[in-house]
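The next block holds one structure in the form of structure tokens; read it before the comments.
Residue numbers (the working numbering): -13 to 101.
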């Protein structure tokens, strides 16, 4: 499942308010709702109870929230581990140097001053 969709679902489940979750993620509310619908279509069951007067998670949604948080935590640990590895040997900058001479064109650089 897409990492960004999992983040959207977790934010919506924590806030239990789509507008607040979208604002926290910095995305439009319609994008958040479309992402939630996409997850629900992939899973085949609803994650939020739409019949309730306020936003609530279904039993399947609560179970999926635990799984989604675990997936995000393991991917964050893996990303941190890959970044923490030391890099290779540093290379010295060679600078620009001279541009190669092209047949039929003037030589690059400043022209010499004539006397």
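Even for Gly, the Cβ is constructed at its ideal location relative to N, Cα and C.
- Each of -2, 57, 67 was checked against the Cα of residue 16, and the nearest Cα belongs to -2.
- CA-to-CA, the gap between residue 12 and residue 1 works out to about 14 Å.
- With three or more CB-CB distances shorter than 8 Å, the stretch 16 to 26 counts as touching the stretch -12 to -4.
- Counting along the chain, the unbroken alpha helix (DSSP H) around residue 17 starts and ends at 15 to 29.
- Taking all protein chains shown into account, residue 47 has 16 or more neighbouring C-beta atoms within 10 Å of its C-beta and is therefore buried.
- Membership of residue -6 in the alpha helix (DSSP H) is indicated by the continuous run -11 to 1.
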